[in-house]
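See below for the structure under consideration.
Protein chains in written order, with the working numbering: chain A, 2 to 86; chain B, 2 to 86.
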């Protein structure tokens, strides 16, 4: 099970790209999805897909590869618990 | 530019899987993301990626391949205009 409190710390990194509504990240053509309030299991799946390369995006693959399975669960527990913006 | 009114009609199909919070679709292991209120450009990108096969998911590829570029814009205009659940 995910640890929301640890997830809250881990998502600090995510905010650079995902935190501001409508913001694009450093690949200007790639629009960034909103993740606050997203489905917990979907977040876990998406991060695992980026980690294995089944889903491809340079920044997200690098981020996911730096996360343990527990950290992915923590992030998903936190993000799914907060209100969508 | 997307036509929200047409998008509202087109998303009838999406609701079978995406409409119910936490619902899984016919692939029970695949959790379905929330899409209401999602970033407009992200929805357009995601549907184009499914259409071309850059992003893979059997149901979503079939759906996206049935949509014209204009219909994808219409769906994105509508979904991004509604309140996240």
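Glycine residues also receive a C-beta, built at the ideal position from the N, C-alpha and C atoms.
- Interface with chain A (8 Å Cβ-Cβ cutoff): residue 46 of chain B is included.
- Relative to residue 65 of chain A, the option among A:4, A:81, A:7 and A:15 whose CA is nearest is A:15.
- Per DSSP, the continuous alpha helix (DSSP H) segment holding residue 79 of chain A begins and ends at 70-82.
- When secondary structure is reduced to three states using DSSP, residue 85 of chain A falls in the coil class, being assigned neither helix nor strand.
- In the DSSP assignment, residue 53 of chain A falls within the alpha helix (DSSP H) that extends over 41-53.
- Residue 9 of chain A has a beta carbon lying at 8 Å or more from every beta carbon in chain B.
- Residue contact with chain B for residue 40 of chain A: present (Cβ-Cβ distance below 8 Å to some residue of chain B).
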